[in-house]
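Okay, so here's the structure we're looking at.
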Ligand SMILES: [Zn+2]
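Numbering (this note's numbering), first residue to last: 267 to 685.
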């Protein structure tokens with residue numbers, strides 16, 4: 267599309283459609299609306315609100331999102347049948363910028379085994395439905411499902427047929443997460459280069475993570491000329507999930523100098539969005555998940571902690587503040603060093619008196635060996651005990667009284683220190 271900044275990548279969020287199709291996930295209309303509002307704050311370009319024909323509840327959720335959301339395009343999914351397209355239009359027509367999204371298979375596996383149709387019939391059906399959708403809405407996206415496993419010449423023919431029928435967005439999906447990055451990049455390159463009329467359409471991609479390649483395949487497609495990416499918060503979605511929104515966005519952001527691309531997402535809303543989706547779907551994020559996992563900005567080993575405390579650049583390629591976290595997490599474990607120990611005490615406003623420092627450090631090491639993580643509460647007790655033992659009559663209550671107030675952590679400490 268000639269009038270669009272060629273360096274701009276548009277973010278299409280499908281958390282509420284593909285993400286919500288994850289096994290065991292269900293979002294009611296209120297939850298969907300809360301997530302849509304947060305996606306609006308996050309600054310995504312397109313929100314796919316749902317699959318309106320699937321249930322009255324989902325139709326209503328899509329309608330409420332379309333009425334309320336401003337700024338982002340609101341779309342919803344239809345199979346290539348009139349009833350689905352009518353349901354989508356009924357649900358989203360009040361949106362500021364509505365879009366109808368039509369999906370129909372393109373691979374021979376799907377055409378033969380799922381649809382029981384011929385290639386010619388599929389082309390005809392797709393074109394008719396795109397043309398029908400265009401009588402309702404100016405903005406129509408066509409997804410040739412399972413493009414990653416399709417015959418490339420037939421895919422090219424499909425793309426040019428749908429553009430001629432009126433589709434202004436062509437989305438190339440690797441529905442089964444099967445492609446290698448260079449293969450997928452080549453598919454997208456061929457679709458853009460060989461399909462007549464491709465300059466009239468925006469090219470989008472939709473990748474699945476069955477082999478852990480969704481983000482890599484999406485990046486390969488962007489390098490091949492795609493300028494819209496479908497993704498989900500926390501990477502949720504069918505089976506192993508979709509391209510993770512936070513990963514592709516931070517990839518564009520952190521490697522901007524190399525890639526030369528930009529997107530409109532306000533990255534400081536990423537953590538808040540991730541937590542909301544996790545809370546409302548009842549599904550925790552794996553701790554080592556890139557960007558939004560609890561450990562993504564946590565440092566536990568002494569060598570890394572010392573390095574990060576000297577200069578974050580030593581072990582961090584992005585700032586926690588950029589994704590909406592207040593700070594890196596210096597986790598105190600048995601592998602931590604004294605630099606980290608003093609850093610955490612300092613953050614609690616605790617300064618140890620000269621001479622008590624060694625005793626406190628030894629207490630810390632003893633305790634750290636008995637548990638996964640030493641907490642702020644543990645640190646306060648260690649400091650109090652060290653100071654009390656070193657300076658009698660300094661006004662602190664006796665150590666044993668303090669310990670009686672506390673939980674099993676204190677019991678562990680008492681056992682360790684007093685035998
Ligand atoms: Zn999908």
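Where is the CB? At the ideal position from N, CA and C, for every residue including glycine.
Counting only runs of 4 or more residues that sit fully inside the stretch 287-330, the alpha helix (DSSP H) segments are 295-308, in chain order.
Judged by beta-carbon spacing, residue 337 lies beyond the 8 angstroms limit of residue 499, meaning their Cβ atoms are not closer than that value.
Spatial neighbours of residue 508 in its own chain (CB-CB distance under 8 angstroms, excluding positions within 5 residues in sequence) are listed in chain order as 280, 284, 285, 472, 473, 474, 475, 480, 496, 497, 498, 501 and 502.
A Cβ-Cβ separation of about 19 angstroms leaves residue 605 out of contact with residue 635 under the 8 angstroms criterion.
Per DSSP, the beta-bridge partners of residue 411 are 371. Scanning its chain for C-beta atoms nearer than 6 angstroms, with the 5 sequence neighbours on each side dropped, one finds around residue 304 the residues 539 and 542, in chain order. Remark: C-beta atoms of residue 273 and residue 526 approach each other more closely than 8 angstroms. Residue 483 has its CB no nearer than 7 angstroms to any heavy atom of ligand 1.
Within its own chain, the residues whose Cβ lies closer than 7 angstroms to the Cβ of residue 574, once the five positions on either side in sequence are excluded, are 565, 580, 581, 582 and 594, listed in chain order.
Ranked by Cα distance from residue 640, the options 425, 522, 603 and 618 are led by 603.
Contact between the stretch 427-445 and the stretch 410-418 is present, with at least three C-beta pairs closer than 8 angstroms. Residue 437 is bridged by DSSP to 470. Segment contact: the stretch 373-383 against the stretch 341-352, fewer than three CB-CB distances shorter than 8 angstroms; contact not assigned.
Annotated three-state conformation of residue 281 is coil, per DSSP. For residue 349, the enclosing alpha helix (DSSP H) has its first and last residue at 348-358. A heavy atom of ligand 1 is found nearer than 7 angstroms to the CB of residue 504. Here the C-alpha atom of residue 576 lies approximately 15 angstroms from the C-alpha atom of residue 612.
In this structure, ligand 1 has a non-hydrogen atom nearer than 7 angstroms to the beta-carbon of residue 441. In this structure, ligand 1 has a non-hydrogen atom nearer than 7 angstroms to the beta-carbon of residue 472.
Residue 629 sits in a helix when the DSSP states are folded into three classes.
Comparing alpha-carbon positions, the option among 600, 493 and 614 lying closest to residue 628 turns out to be 600. Note that the stretch 392-404 does not touch the stretch 439-455; fewer than 3 beta-carbon pairs, one per stretch, sit closer than 8 angstroms. DSSP, read as helix, strand or coil, puts residue 639 in coil. Residue 359 and residue 404 have their C-alpha atoms roughly 11 angstroms apart. Its Cα nearest to that of residue 587, the residue 563 stands out among 563, 318 and 370. In the DSSP assignment, residue 496 falls within the beta strand (DSSP E) that extends over 494-497. Linking residue 623 to residue 650 through their CA atoms gives a straight-line distance of about 12 angstroms. The Cβ atoms of residue 335 and residue 301 do not sit closer than 8 angstroms to each other.
Look at residue 284: its beta carbon is less than 7 angstroms from one of the heavy atoms in ligand 1. Ranked by Cα distance from residue 370, the first of 428, 318, 315 and 327 is 428.
Contact between the stretch 419-428 and the stretch 352-367 is absent: fewer than 3 CB-CB pairs across the two stretches fall below 8 angstroms.
Taking a 10 Å sphere around the C-beta of residue 617, we find fewer than 16 other C-beta atoms and assign the residue as exposed. Of 299, 487 and 556, the smallest CA-CA separation from residue 330 is found for 299. Straight through space, the alpha carbons of residue 557 and residue 569 are spaced by roughly 22 angstroms. Contact check for residue 443 against residue 389 fails: the beta carbons are separated by 8 angstroms or more. The beta carbons of residue 340 and residue 318 sit about 11 angstroms from each other, so the pair does not count as a contact at 8 angstroms.
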